[in-house]
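Numbering (our numbering), first residue to last: 423 to 790. For every residue, glycine included, the Cβ atom is placed at its ideal position computed from N, Cα and C. Small disclaimer: the values here were computed from a predicted structure and weren't measured. To start, the structure itself, in structure tokens.
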Amino acid sequence: MPAPLPSLSFLLLTAAAVHGQELQQSTSPSSLAADTKEAPAGMVFIPGGTYRRGSDHKFNETQAEYPEEKPVHEVTVDGFWIDATEVTNRQFLKFATATGYKTQAERGWDSKDFPNAPPEQLKGGSLIFKPTPRKVELFQPGAEWQWWQFVRGANWRHPEGPSSSIESRMDHPVVCVTHEDAVAYCEWAGKRLPTEAEWERAARGGLDDKLFSWGDEPKPGNKWQANVYQGEFPNRNTAEDGFPGTAPVKSFPPNAYGLYDMAGNVWEHCSDLYRPDYYKTFVKLPEPKANPKGPEQPVSQPMVQQYLQTKNYPAEAPFHRLAWLWVTKGGSHLCHHTYCLRYRPAARHYSESLSPTNHTGFRCVRSE
Ligand SMILES: [Ca+2]
């Protein structure tokens, strides 16, 4: 079964009053958008065209399944520019300094959105990975709470909590940022988040039907091609690839388009809403299918859990935007082949803005 992302959706269970309400607008730095008449430095042009999106790869019986990637189908995207690397702490600091922007994890949550939540639960923070002391059963319901903890005061400036710092990690990807935080940065930079279709086009580097962004071999030449997790997840990280956590961007070879860390390191926010059945509905749409922007109706994590069990979504009333699921791509330094073999271009996962994590970041694109 797919490994779920831990969620703070429980906040919403005590906040029925917010259903149907719009999210309070956060500080928008768009008025400070940079003047970018030409493609900025650090971007790579991805040619437009048609490619085969998704994967129907047959994994062995010891591995998880990834039905959300099926069926494989053709998608056409226009050419676009994309950042060669994930947005770094150095870059995000420049944005935050210029605009005064505070991320969701820094601001915390608004009591108007969660009138029944205890004040302590509204303080800002992020989900932080903590290794378990011993081997654990990975796939039982709620198993992920054994290695994810919500830490007050954990945010992009303090990725493991108040006593941690990015001082020695300025070239690492920024983490603990939500979809909205990433959008705010993109607007300031005169860019935008990639669509899921653009992201996979870029990650494949022209290699349709290949398992990884470098080919089908997990470890060609006995060399790790991405910052992922080695050893026994989640209790023993051997960091055989050299990095027990995030790595500085460009620490591993680029793909054929010259893009770094399209596999592993941190999950990357896309502009699409996430639905696990999106590809199944997409292939039934009438032509043309160029430049798809994802499903129109959001789902929440509880809705997805019910869908995975029953193949039907609950008839749920409109729910808070903070619980909308947004697509993330690429996998992270916490992906292990037995549990989350998602450092593949076809892999799909999600974020919700209730749950910033210290293995999720982003990169930006610009239209041609
Ligand atoms: Ca690693």
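DSSP places aspartate 603 in the helix class (H, G or I) of the three-state scheme. Within the region 615–695, the runs of alpha helix (DSSP H) that reach at least 4 residues and sit entirely inside it are, in chain order, 618–626. Of the candidates Asp500, Glu490, Pro489 and Tyr607, the residue whose Cα lies closest to the Cα of threonine 472 is Asp500. Ranked by how close their Cα comes to the Cα of histidine 758, the residues Arg626, Pro666, Val787 and Pro541 have Pro666 in first place.
For the pair alanine 624 and arginine 475, the CB atoms are not nearer than the 8 Å cut-off.
For valine 497, there is no enclosing alpha helix (DSSP H); the enclosing beta strand (DSSP E) covers residues 495–499.
In this structure, valine 599 lies away from tryptophan 621, with their beta-carbon atoms at least 8 Å apart.
Residue pairing by DSSP puts alanine 712 in a beta bridge opposite Thr498. For the options Pro640, Ile550 and Gln568, the alpha carbon positioned closest to that of valine 558 is the one of Gln568. About 18 Å separates the beta carbon of alanine 506 from that of glycine 470, a gap too long to meet the 8 Å contact definition.
A contact is defined here as three or more CB-CB pairs under 8 Å, and the region 626–643 fails this definition with respect to the region 775–783. Those residues that have a beta carbon less than 5 Å away from any non-hydrogen atom of ligand 1 are, in order along the chain, Asn649, Asp663, Phe665 and His755. Inclusion of valine 671 and threonine 510 in the CB contact set at 8 Å is warranted, their separation being smaller than that value. Collapsing the DSSP output to three states places glutamine 513 in a helix. Counting along the chain, the unbroken alpha helix (DSSP H) around leucine 544 starts and ends at 541–544.
The DSSP-derived three-state label of tyrosine 473 is strand. Linking histidine 771 to glycine 522 through their CA atoms gives a straight-line distance of about 30 Å. In this structure, alanine 685 places its C-beta atom within 8 Å of the C-beta atom of alanine 648. The closest CA to that of glycine 664, considering only Leu515, His755 and Lys545, is found on His755. An exposed status is given to glutamine 562, since fewer than 16 other beta-carbon atoms sit within 10 Å of its beta-carbon. Look at tryptophan 569 here: in three-state DSSP terms it is coil, with no helix or strand label. The criterion of a C-beta distance shorter than 8 Å is satisfied by arginine 785 and glutamate 508.
In this structure proline 493 is exposed. Its beta-carbon is surrounded by fewer than 16 other beta-carbon atoms within 10 angstroms. DSSP places lysine 751 in the uninterrupted beta strand (DSSP E) bounded by 748–751.
CA-CA distance, aspartate 603 to glycine 653, rounds to 33 Å. Of the other Cβ atoms in all chains shown, 16 or more fall within 10 Å of the Cβ of proline 714; this residue is therefore buried. For valine 726, the uninterrupted alpha helix (DSSP H) run begins and ends at 723–732, by DSSP.
DSSP places phenylalanine 704 inside the alpha helix (DSSP H), whose first and last residues are 700–704.
Tryptophan 531 sits in coil when the DSSP states are folded into three classes, being neither helix nor strand.
For the 8 Å CB-CB criterion, glycine 627 and tryptophan 689 do not form a contact. Using a 10 angstroms sphere on the CB of arginine 766, the tally of other CB atoms reaches 16 or more, which defines it as buried.
According to DSSP, valine 597 shares a beta bridge with no other residue.
Boundaries of the beta strand (DSSP E) around valine 466: 465–468.
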